[in-house]
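S.K.: Take the sequence shown: its letter number 207 is residue 269 in the working numbering, and every next letter is one higher.
All C-beta atoms in this analysis are idealised placements derived from N, C-alpha and C, irrespective of residue type, glycine included.
Take a look at this one; I'll ask things after.
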Amino acid sequence: MPFISIIIPVYNAGVYLNQCIGSILDNEFDDYELILVDDGSTDDSWKTIKKYEKESVKIRSFRKQNSGVSDARNYGIGKAEGTYIYFVDSDDWIEPGTLTQIFNHLHDSKCDLLLFDYKRVINRNKVIYAKEMFEQSIIIDKQDIKALGNRCLTSGTMNNIGNKVYRAEIITKNNLRFDANIKSGEDWLFNLEFIRYSSKAQYVEGYYYNYRLNENSATNKFNQGKLNDFKMVHFKLLEYINVFSQDPHETTKILQAVFVKRYLDLIKRCFYANYDLDEKVRKDYISKILNDAEVRKAFSRVKNEDLDTVNRILLYMAKNKNYFAIYLFNKIIYSRLVQQLKKITRKMRF
């Protein structure tokens, strides 16, 4: 039995797949299996996978009809034989020595869940260092595991999976799977459900995972289905309040603010240049958000003091369904952001 099963769902990964697989094979630690699940790619991804499989006995590859990243991960879970499971996305990569660090920490602590830091890499030339909301390395025992769950529930920043390693027994014993019906926020729900059944977790300092952000990624493409995804996730998260929170009223308040920010972010994204939306499509989609009963309920419950200045202004306009004001406001904000990014880019060149 390998110590770690690394599961990579692959769909049209293109030029990034070599870096992803290579970053794992280049690690000196060798007590692992690499499970590559091709989710019906139409490019050369499958050919690339088979090439690597011929070169390494660590790799097991599988090909299935396209049904989304969650279903591909679930498929990989069913094939995994390791003590721990680690998910890596096919356009991301890990740092040298990551697998050794994972082994050393988990071998010593015997934890169910390992968390570490990660980097967001934007278009290859800008790096944002993202910490997991802990100031220093820490072991979280059973008496504090609910506090970890509550932090995951309310922060909105602990919902990634590439910087977490999971004990496989907990996943299989409790039949934990990613919700294939949700395309945005499924990682968040998976983490909460895993923590629910965990007894011990560990956070270690170290930026071991590189999360690639680029204009062509799924997260940066206009997707009208995100509104329904956010609403479904919002509804499901409310169910975890009684599981993790010692102060349900305060947790509900924080969660409302988190999702109001997400709904407002959907509006802001309609003005991103790379979306290049037709004006009618943009107006219709924003109107759909502004008139949604669940969204308006969230708008009515959030307190202004729980939002930053930009979101307070946008919330006021959204409550009044003032599309023209929203349009002008976002155009001004976005134009300023573009100018700031241009200045940063010029500085980086020198």
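Assuming contact is defined by CB atoms lying nearer than 7 Å, are K262 and D370 in contact in what I supplied?
M.R.: Stepping through the sequence shown from its first residue, residue 262 is reached at position 200. Stepping through the sequence shown from its first residue, residue 370 is reached at position 308. No.
S.K.: What separation, rounded to the nearest whole angstrom, lies between the Cα atoms of N236 and D327?
M.R.: If you number the sequence shown from 1, residue 236 lands on position 174. If you number the sequence shown from 1, residue 327 lands on position 265. N236 and D327: Cα-Cα distance of roughly 34 Å.
S.K.: Tell whether a beta-carbon distance below 7 Å holds between V372 and N272.
M.R.: Here residue 372 refers to the residue found at position 310 of the sequence shown. Here residue 272 refers to the residue found at position 210 of the sequence shown. No, the pair does not count as a contact, with Cβ atoms beyond the cut-off.
S.K.: What's the gap between the Cα of L376 and the Cα of V343?
M.R.: In the sequence shown, the residue the question calls residue 376 occupies position 314. In the sequence shown, the residue the question calls residue 343 occupies position 281. For L376 and V343, the distance between alpha carbons rounds to 20 Å.
S.K.: Can you tell me where the beta strand (DSSP E) holding G130 begins and where it ends?
M.R.: For the purposes of this step, residue 130 is taken as the residue at position 68 of the sequence shown. Here G130 belongs to no beta strand (DSSP E), and DSSP marks it neither H nor E.
S.K.: May I have the straight-line CA-CA distance separating D241 from N136, to the nearest angstrom?
M.R.: Residue numbering aside, residue 241 sits at position 179 when the sequence shown is read from its first letter. Residue numbering aside, residue 136 sits at position 74 when the sequence shown is read from its first letter. For D241 and N136, the distance between alpha carbons rounds to 9 Å.
S.K.: Using 8 Å for Cβ pairs, my map puts E157 next to Y270. What's the rounded Cβ distance?
M.R.: The residue given as residue 157 occupies position 95 in the sequence shown. The residue given as residue 270 occupies position 208 in the sequence shown. Confirmed, about 5 Å.
S.K.: Count the other CB atoms, across all protein chains shown, that sit within 10 Å of the CB of G138; report buried if there are 16 or more and exposed otherwise.
M.R.: Taking the first residue of the sequence shown as 1, we reach residue 138 at position 76. G138 should be labelled buried.
S.K.: Quick one: is T234 buried, meaning 16 or more other Cβ sit within 10 Å of its Cβ, or exposed?
M.R.: Indexing the sequence shown from 1 puts residue 234 at position 172. So T234 ends up on the exposed side.
S.K.: Once DSSP output is grouped into helix, strand and coil, what is the label at F65?
M.R.: The residue you call residue 65 lines up with position 3 of the sequence shown. F65 falls in the coil class under three-state DSSP.
S.K.: Enumerate in chain order the residues of its own chain whose CB-to-CB distance from W40 is below 6 Å, with the five nearest sequence positions on each side excluded.
M.R.: This structure does not reach residue 40, given that the chain is present from 63 up to 412, and the question cannot be answered.
S.K.: I'd like to know whether the C-beta atoms of P71 and D101 end up nearer to each other than 7 Å.
M.R.: Taking the first residue of the sequence shown as 1, we reach residue 71 at position 9. Taking the first residue of the sequence shown as 1, we reach residue 101 at position 39. It is a contact, given that the beta carbons lie within the stated cut-off.
S.K.: Check whether the segment 313–322 and the segment 286–303 touch, using three or more Cβ-Cβ pairs below 8 Å as the test.
M.R.: The segment 313–322 vs the segment 286–303: in contact.
S.K.: Can you give me the Cβ contacts of K112 inside the same chain, cut-off strictly under 8 Å, excluding the 5 residues immediately before and after it?
M.R.: Taking the sequence shown and counting its residues from 1, one reaches residue 112 at position 50. Correct list, in chain order: S123.
S.K.: Given W250, which residues of its chain have a CB within under 6 Å of its CB, disregarding the five upstream and five downstream residues?
M.R.: The count along the sequence shown starts at 1 and reaches residue 250 at position 188. N221.
S.K.: Leaving out the 5 sequence neighbours to the left and right, which residues in its chain are closer than 8 Å to T162 when beta-carbon positions are compared?
M.R.: Numbered from 1 along the sequence shown, position 100 holds the residue referred to as residue 162. Contacts found: N89, E90, F91.
S.K.: Does DSSP put R122 in a helix, a strand or coil?
M.R.: Indexing the sequence shown from 1 puts residue 122 at position 60. Here R122 sits in strand by DSSP.
S.K.: Quick one: which unbroken beta strand (DSSP E) runs of 3-plus residues sit fully inside the segment 151–207? Chain order, please.
M.R.: Complete beta strand (DSSP E) runs here, min 3: 175–184, 188–192, 200–202.
S.K.: Enumerated in chain order, which unbroken segments of the beta strand (DSSP E) with a length of 3 residues or greater are wholly contained in the segment 292–367?
M.R.: Listed in chain order, nothing qualifies, since the segment 292–367 has no complete beta strand (DSSP E) run of 3 or more residues.
S.K.: Applying the 10 Å Cβ sphere with the 16-neighbour rule, what's the burial state of M379?
M.R.: Walking along the sequence shown from the start, residue 379 turns up at place 317. M379 is buried by the Cβ-count criterion.
S.K.: Bridge partners of F469, per DSSP?
M.R.: The displayed coordinates of the chain run from 63 to 412. Any statement about residue 469 would go beyond what the structure contains.
S.K.: Measuring CA to CA, which of P310, G140, T313, I348 is closest to G287?
M.R.: Residue numbering aside, residue 287 sits at position 225 when the sequence shown is read from its first letter. Selected option, being the one with the closest Cα: I348.
S.K.: Return the chain-ordered list of same chain residues with a C-beta closer than 7 Å to the C-beta of K193, the five sequence neighbours on each side being excluded.
M.R.: In the sequence shown, the residue the question calls residue 193 occupies position 131. Once the five neighbours on either side are set aside, the close Cβ partners of K193 are D179.
S.K.: Are the beta-carbon atoms of D153 and A75 separated by less than 7 Å?
M.R.: For this step, residue 153 is matched to residue 91 along the sequence shown. For this step, residue 75 is matched to residue 13 along the sequence shown. In this structure, A75 lies closer than 7 Å to D153 by Cβ.
S.K.: Should I190 go down as buried or exposed, given a rule of 16 or more other Cβ atoms within 10 Å for buried?
M.R.: In the sequence shown, counting from the first residue as 1, residue 190 sits at position 128. The residue in question, I190, is exposed, as its Cβ has fewer than 16 Cβ neighbours within 10 Å.
S.K.: Which whole-angstrom value is the C-beta distance of S246 and F292, which I expect to be below 8 Å?
M.R.: Locating residue 246 in the sequence shown gives position 184, counting from the first residue. Locating residue 292 in the sequence shown gives position 230, counting from the first residue. Contact flag correct, Cβ pair sits at about 7 Å.
S.K.: Could you compute how far the alpha carbon of C332 sits from the alpha carbon of F284?
M.R.: Translated into the one-based positions of the sequence shown, residue 332 becomes position 270. Translated into the one-based positions of the sequence shown, residue 284 becomes position 222. In a straight line, the C-alpha of C332 is about 8 Å away from that of F284.
S.K.: Helix, strand or coil: how does DSSP classify K226 here?
M.R.: In the sequence shown, the residue the question calls residue 226 occupies position 164. The answer is strand: DSSP assigns K226 an E or B state.
S.K.: Since E95 sits in a beta bridge, which residues does DSSP pair it with?
M.R.: Here residue 95 refers to the residue found at position 33 of the sequence shown. Bridge partners of E95: S67.
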